[in-house]
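Okay, so here's the structure we're looking at.
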Amino acid sequence: MLMLNPVWIRSFAMLVQEGSFTRAADRLDLTQAAISQHVRHLEDRIGPVLLRGPRRFELTPAGQALIDHAAELETAERRLQARLSEGEAATGPLSIITPGSIGQFLYPRLLDLQADTPGLTVHHRFAPDPDIIAAVAENRAELGMVTHPPEDPRLTHQLFTRESLELIVPAGKAAEGWDDLMRIGFIDHPDGKAMATRLLTQRFAGNPGVGHLPVRGFVNQIGLIAEPVARGLGFTVLPRHARLAFGRQDAIAVVAGDPVRDRLWLIHRAEWPLSARAQRAIEHMRAVLGESDATG
Numbered sequence: 000m001l002m003l004n005p006v007w008i009r010s011f012a013m014l015v016q017e018g019s020f021t022r023a024a025d026r027l028d029l030t031q032a033a034i035s036q037h038v039r040h041l042e043d044r045i046g047p048v049l050l051r052g053p054r055r056f057e058l059t060p061a062g063q064a065l066i067d068h069a070a071e072l073e074t075a076e077r078r079l080q081a082r083l084s085e086g087e088a089a090t091g092p093l094s095i096i097t098p099g100s101i102g103q104f105l106y107p108r109l110l111d112l113q114a115d116t117p118g119l120t121v122h123h124r125f126a127p128d129p130d131i132i133a134a135v136a137e138n139r140a141e142l143g144m145v146t147h148p149p150e151d152p153r154l155t156h157q158l159f160t161r162e163s164l165e166l167i168v169p170a171g172k173a174a175e176g177w178d179d180l181m182r183i184g185f186i187d188h189p190d191g192k193a194m195a196t197r198l199l200t201q202r203f204a205g206n207p208g209v210g211h212l213p214v215r216g217f218v219n220q221i222g223l224i225a226e227p228v229a230r231g232l233g234f235t236v237l238p239r240h241a242r243l244a245f246g247r248q249d250a251i252a253v254v255a256g257d258p259v260r261d262r263l264w265l266i267h268r269a270e271w272p273l274s275a276r277a278q279r280a281i282e283h284m285r286a287v288l289g290e291s292d293a294t295g
């Protein structure tokens, strides 16, 4: 395989452009001897590239092919530079993958950011922790959020926010004791019993267990879990941001008490820096989460 030093090619192309060893050497900040040496190296590899006349150079067919190759290299370098500079751009695709709860809350806020940033496009997917970790590790998403720090050495993580579990009842209904919960009944969901056990064990010490609660329904779409609660059909336990994303806040109520908080970790690949658009998205998400914490 023919391998030509790109420095030699650049010297030759500048020599042809300037028509003078002196001017080519000045343009490249090299000596005339260095330019001559580069041309000799090329001719040793591919044969004569220049016919030297008294006033100008004339290209041989090999020389013309080399000039064409130099132009292709310059185009490829510009294309590479454009690709590399995308990592610094604030526009382009922003790929993020999160759990459903925090994602429901953040996705509309990320669309606000997209609306304010021409050229930015948000690609947001919801998934459980193992899928999120795999997507970020395999470069299918730049950012991810998980409930437990990953052990994959390709990923770095930082604590992003804490999310409280909330006991949610129909508006106007009291839940001061276990008997109230038994009367209202439980709306279950994929993480319902685990979340309810963690929260209710703390709120109602000595209770007989979530398994003794009458189940009034089950739904696996996180955006709809609060709907049967809003209709007075039962209570549930949800992460705070899933509750905030529900559209009928006046139809539900949060029962106050000591909080149980989950940690959410932001993850991304450890080997390279985040793009400017990802950094801006992180700042935006931190800001809107701070506002939601302040307003409740």
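For the sequence shown, numbering that gives the first Met the number 0 begins at 0 and goes up steadily by one. In this text, a Cβ means the ideal position worked out from N, Cα and C, and glycines have one as well.
Measuring CB atoms only, is the segment 153–168 touching the segment 261–270, in the sense that at least three cross pairs come out at less than 8 Å? yes
What does the alpha-carbon distance come out to for the pair E141 and L112? 17 Å
Which residues mark the beginning and the end of the beta strand (DSSP E) in which A252 is found? I251 to R268
Taking just the CA atoms, how far does W177 sit from D186? The identity of residue 186 in the sequence shown is Ile, whereas the question assumes Asp. The straight-line gap from Cα to Cα measures roughly 15 Å.
Is the CB-CB distance between P227 and R215 below 8 Å? yes
Beta-carbon proximity check, F234 vs L166, cutoff 8 Å: yes
Segments of 4+ residues assigned as alpha helix (DSSP H) that fall wholly inside the segment 116–195: 128–136 and 177–183
Can you tell me which residues form a DSSP beta bridge with P238? L164
Hey, how far is the Cα of M13 from the Cα of I45? 18 Å
Distance check for W7 and Q63, CA to CA, integer angstroms please. 15 Å
Can you tell me the Cα-Cα spacing of T120 and R78, whole angstroms? 22 Å
Considering only the alpha carbon of each residue, which of D261, S35, P148 and K192 lies closest to H211? K192
For L180, collect the residues of the same chain with a Cβ closer than 8 Å to its Cβ; drop the 5 residues on either side in sequence, then sort them by chain order. A174, L199, F203, L212 and F234
Please confirm whether any heavy atom of the ligand NAD lies closer than 7 Å to the CB of R9. As for the ligand NAD, it is missing from this structure, which has no ligand bound.
Would Q278 be called buried (16 or more neighbouring beta carbons within 10 Å of its own) or exposed? exposed
Would a C-beta distance cut-off of 8 Å place Q80 and I221 closer than the cut-off? no
Please list, in chain order, all residues of the same chain as L41 whose beta carbon is under 8 Å from its beta carbon, the five residues on each side excluded. L3, W7, I8, F11, V48 and L65
Hey, out of V135, Y106, R161 and A24, whose CA is closest to T146's CA? R161
In whole angstroms, give me the CA-to-CA distance for F125 and Y106. 10 Å
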